[in-house]
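Peer 1: One structure is given below, represented as structure tokens, and several questions about it will come after.
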């Protein structure tokens, strides 16, 4: 069975159908791309998947159960995590605390444990700390662990956001335009990095991206949205040659 | 574990030594009744500042009716000791429970909303509590509640202030405290990372309200008389100023803010008639100047910690990599 | 039924004064997203300026009103320049504390013996105390003047905001400060003007209250200040018509509670009304829903 199965998903804002009849299937350890021009509804799809917006139609099955109607944090508890198009870190918290907050989704203790510093408190804090150190090392942030998140350079902020999402131990990671604001060299590095994450953590990744080269280079399957509707889906090769996609991106040939 | 244990023992020893010293000074009359009174007020104010800082500094919610929760604790505990003859400690604990329950009743509907609604509603709640008490004959209505026994001594204040500090420290340094800070900085991101923002905010708010109510209980059994007007908007403002002066989000800052703003007006009192007359005027001008030139308060959001004092001599633990010293 | 109509008249005249104060809260909030807690004290200062104009300068009602409005307008501008402007990019809470400190400052300044002193003053009679009878309902001359003044000021404000260039600038700055600056609007000047107008209206309300309830003291501004803030929130903070409706609703609730339920519980009712409104419609009566883009 697929990890994520989306059927006939739609949402309406006032009179506007922002997304209509969206469907998608993601298997284990797959890297899928979701592309489309500005305002096509890509981020809206993310927001529906993660419970930020409640869809008006359709069904979302994740890891064997329906997640329609769940709140954002409930979705995350079911092992789906995301990043944001406009980076949303906890700016005034240290890099390591940014990640550590996510760890508590999986390992927690009661308030009583916290107040009386019981054995469980020390044990969980220790485990979380180890997890944080591991992620910091993997993401090359270990010597910036005590910096405030807002003081990190842009590229590091992007990476920290991914590390923070991974600390929630997702099976599916949603990346919302991770290459935004990066130069071609950085984008290329990012492509390698995303692939590496997929293999290292053995997770599936759904990637929204503007940068065609990035998506075409690493995604196994691609879905193209325009005006809230799917206009094409398939392998990168199929997408590249699809006349409708070319039209949506470049415009109709005279 | 071993290291934590050792640090803990050192802290306990220091606290006990300070207590014995203070006790000795009081008995020898070196600390007079006037100074002792100021110390007790300082203790109560520290607990109030710590409790409000948890709400404002950690959950990021602005609460403007803190004195009302203090009133709940003061009145409830006073009813238990005076009318129902319960011992002091259970009575103030029940007062704190009542304060926490009141916090739940306000917070449960309001904290679901995004935005500054808590500020407005706690403000309204503060006025409602005041007016309601003014209309309850059982507790003396507007005339006030008198005949409360004196229980709050230096010893109790010392103990409870230390405990309150430890409690807050442990809450904020736990997963719960981190959740609160995450929510205060970016609620949407925190929710996406699996934090139940509503629950984090509600927890911080209830703990803060319960602690304020606890401080109210101490206050009632120290002054032996309480009336609704002592818990009005001005009192809430006073507590807020402790937190802001100390630095929003800094636990040690809250302590510093409470100490300075309790002692300062008393100190100004000593400067003769001019100061005495214009005390409040000077006080308000000082706050304006402080806000313009050092709005982050004395401590910013940094912490003063024993560990760093021992390790580096007299330097401060600079949390989060900010490099400037303490002004 | 007679009581009801009587209270309706009383409620509307009190409410119109509240509306004048609430407008100041809402305008300042609209433009710099700040709750100016010193606003209640501006109202108090307005009352005392009116008293000064009448008893020392021997002005009649209208010049006294103008005197007080100019005075509070200048004070409002001064406060904005000295205390709020340096903090414009600070977190809201810093501004809020500053506003509270300014409110303490004004209260204690008026309390000094150079100015009013701590004891209450009474406002001399500047308007006739005649009472008209409309059926069994009594309407005083003062109530009519108060209502008329409030309506005229409200109409002038509406004209100013909707029809003049400065009013237009105000709305633009409230919508997007940075974009307004890029379009060549003098943002600082616009904000100062907003403070002047809001404060002048509070000053006018101060004189009107002085005439209706002729007992002035330095602490008289605090409670009306809080209530008018409630009124602004109730109507939807940032919306001028909302503040007017909110003010009238609050004034009306207050007189009705006093007449039918209990005069000592009136304030508790006002604030309960606030909490209930927020639970039912968090944006207030006329407020618009804001939507955060993720």
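Chains as they are written, first to last, in our numbering: chain A, 1 to 254; chain B, 1001 to 1327; chain C, 2001 to 2294.
Note that beta-carbon positions come from the ideal geometry of N, C-alpha and C, so glycine has one too.
Note that the coordinates shown come from a computational prediction; the quantities given were computed from them, not determined experimentally.
Within 8 Å, do at least three Cβ pairs link the stretch 31–39 of chain A to the stretch 221–231 of chain A?
Peer 2: Touching, yes, given that three or more Cβ pairs across the two stretches are closer than 8 Å.
Peer 1: Answer with yes or no whether the minimum CB distance from residue 2013 of chain C to chain B is below 8 Å.
Peer 2: It does not: the Cβ of residue 2013 of chain C has no partner Cβ on chain B nearer than 8 Å.
Peer 1: Are the CB atoms of residue 2208 of chain C and residue 2017 of chain C nearer to each other than 8 Å?
Peer 2: Yes, the pair counts as a contact, with Cβ atoms nearer than the cut-off.
Peer 1: Can you give the Cα-Cα distance for residue 1321 of chain B and residue 1288 of chain B, rounded to whole angstroms?
Peer 2: For residue 1321 of chain B, the pLDDT reaches just 34, beneath the cut-off of 50, and the residue's location in the model is therefore unreliable, although a value from the coordinates is still provided. Cα to Cα, the separation comes out at about 28 Å.
Peer 1: Check whether the Cβ atoms of residue 2181 of chain C and residue 1291 of chain B sit closer than 8 Å, and answer yes or no.
Peer 2: No, the pair does not count as a contact, with Cβ atoms beyond the cut-off.
Peer 1: Going along the chain, which residues of its own chain have a beta-carbon closer than 6 Å to the beta-carbon of residue 61 of chain A, five neighbours each way excluded?
Peer 2: Counting only Cβ-Cβ distances below 6 Å, and skipping sequence neighbours, we find 5.
Peer 1: Between the Cα of residue 1161 of chain B and those of B:1141, B:1044, B:1004, spot the shortest distance and give me the residue it belongs to.
Peer 2: Looking at the Cα atoms, B:1044 is the closest of the given residues.
Peer 1: How is residue 2281 of chain C classed by DSSP in three states: helix, strand or coil?
Peer 2: Reduced to three states, the DSSP call for residue 2281 of chain C is coil.
Peer 1: When you compare only the Cα positions, how much space is there between residue 2190 of chain C and residue 2091 of chain C?
Peer 2: Between residue 2190 of chain C and residue 2091 of chain C, the C-alpha separation is close to 21 Å.
Peer 1: Closer than 8 Å, CB to CB, is residue 2094 of chain C near chain B or not?
Peer 2: Answer yes: the Cβ-Cβ gap between residue 2094 of chain C and chain B drops below 8 Å somewhere.
Peer 1: Just reading off the beta strand (DSSP E) that residue 91 of chain A is part of, what are its end residues?
Peer 2: First-last for residue 91 of chain A: undefined, no H or E at that position.
Peer 1: Measure how close the beta-carbons of residue 2022 of chain C and residue 2268 of chain C come, nearest whole angstrom, since I'm counting them as under 8 Å.
Peer 2: With 8 Å as the limit, residue 2022 of chain C and residue 2268 of chain C do not qualify as a contact, their Cβ atoms being about 20 Å apart.
Peer 1: Report the residue from A:54, A:75, A:57 whose alpha carbon sits nearest the alpha carbon of residue 64 of chain A.
Peer 2: The option with the nearest alpha carbon to residue 64 of chain A is A:75.
Peer 1: What number of angstroms, rounded off, separates the C-alpha of residue 2184 of chain C from the C-alpha of residue 2178 of chain C?
Peer 2: Roughly 10 Å between the two C-alpha positions.
Peer 1: In whole angstroms, give me the CA-to-CA distance for residue 1046 of chain B and residue 55 of chain A.
Peer 2: Rounded to the nearest angstrom, the two C-alpha atoms are 48 Å apart.
Peer 1: Cβ of residue 2272 of chain C less than 8 Å from any chain B Cβ?
Peer 2: Judged by the 8 Å Cβ criterion, residue 2272 of chain C is in contact with chain B.
Peer 1: How about residue 1176 of chain B: is its C-beta nearer than 8 Å to some C-beta of chain A?
Peer 2: Taking Cβ atoms only, chain A reaches closer than 8 Å to residue 1176 of chain B, which makes this a yes.
Peer 1: So the candidates are C:2113, C:2135, C:2145; which of them puts its Cα closest to the Cα of residue 2128 of chain C?
Peer 2: Nearest of C:2113, C:2135, C:2145 to residue 2128 of chain C, Cα basis: C:2145.
Peer 1: Do we get a CB-CB distance below 8 Å when we pair residue 953 of chain B with the residues of chain C?
Peer 2: As displayed, chain B neither begins before 1001 nor continues past 1327, which places residue 953 of chain B out of reach and without an answer.
Peer 1: At 7 Å on the CB atoms, spell out the chain A contacts of residue 1212 of chain B, in chain order.
Peer 2: Neighbours of residue 1212 of chain B on chain A: none; closest Cβ ~18 Å, over 7 Å.
Peer 1: Specify, as a first and last residue, the run of the beta strand (DSSP E) that residue 2039 of chain C falls within.
Peer 2: Per DSSP, residue 2039 of chain C belongs to no beta strand (DSSP E); it is in the alpha helix (DSSP H), 2039–2055.
Peer 1: Residues of chain B with CB under 7 Å from residue 2090 of chain C, in chain order?
Peer 2: Correct list: 1295.
Peer 1: Quick one: list the residues of chain B neighbouring residue 2086 of chain C, beta-carbon separation under 8 Å, in chain order.
Peer 2: In chain order: 1292.
Peer 1: Quick check on residue 223 of chain A: does DSSP put it in helix, strand or coil?
Peer 2: Three-state result, residue 223 of chain A: strand.
Peer 1: How far does the beta strand (DSSP E) with residue 1184 of chain B in it reach, from first residue to last?
Peer 2: Residue 1184 of chain B -> not in any beta strand (DSSP E); alpha helix (DSSP H) instead, spanning 1175–1185.
Peer 1: With a CB to CB cut of under 6 Å and the five nearest residues on each side skipped, what residues in its chain are close to residue 96 of chain A?
Peer 2: The residues are 132, 145.
Peer 1: Residue 245 of chain A to residue 233 of chain A, Cα distance in whole Å?
Peer 2: Approximately 10 Å, taken between the alpha carbons.
Peer 1: Give the range of the alpha helix (DSSP H) segment to which residue 10 of chain A is assigned.
Peer 2: Note, residue 10 of chain A: premise wrong, no alpha helix (DSSP H); beta strand (DSSP E) at 4–13.
Peer 1: Taking 8 Å as the threshold, find out whether the stretch 1272–1286 of chain B comes into contact with the stretch 2105–2114 of chain C through three or more Cβ pairs.
Peer 2: Taking 8 Å as the limit for Cβ pairs, the verdict is that the stretch 2105–2114 of chain C does touch the stretch 1272–1286 of chain B.
Peer 1: Look at the alpha carbon of residue 1190 of chain B and the alpha carbon of residue 2164 of chain C, and state the distance between them as a whole number of angstroms.
Peer 2: The alpha-carbon atoms of residue 1190 of chain B and residue 2164 of chain C are separated by roughly 45 Å.
Peer 1: Is the CB-CB distance between residue 1218 of chain B and residue 1241 of chain B below 8 Å?
Peer 2: No, they are not a contact pair.
Peer 1: Can you tell me where the beta strand (DSSP E) holding residue 1136 of chain B begins and where it ends?
Peer 2: No beta strand (DSSP E) holds residue 1136 of chain B; DSSP gives it neither H nor E.
Peer 1: So is residue 2151 of chain C buried or exposed if we call it buried at 16+ other beta carbons inside 10 Å?
Peer 2: Exposed, since its Cβ has fewer than 16 Cβ neighbours within 10 Å.
Peer 1: Is there a C-beta anywhere in chain B that falls below 8 Å from the one on residue 152 of chain A?
Peer 2: No, residue 152 of chain A lies away from the interface with chain B (no Cβ there is under 8 Å from its Cβ).
Peer 1: Can you give me the Cβ contacts of residue 240 of chain A inside the same chain, cut-off strictly under 8 Å, excluding the 5 residues immediately before and after it?
Peer 2: Contacts found: 216.
Peer 1: So, at 7 Å on beta carbons, what are the nonlocal neighbours of residue 2121 of chain C in its own chain, with the 5 sequence-adjacent residues on each side left out?
Peer 2: Counting only Cβ-Cβ distances below 7 Å, and skipping sequence neighbours, we find 2051, 2216.
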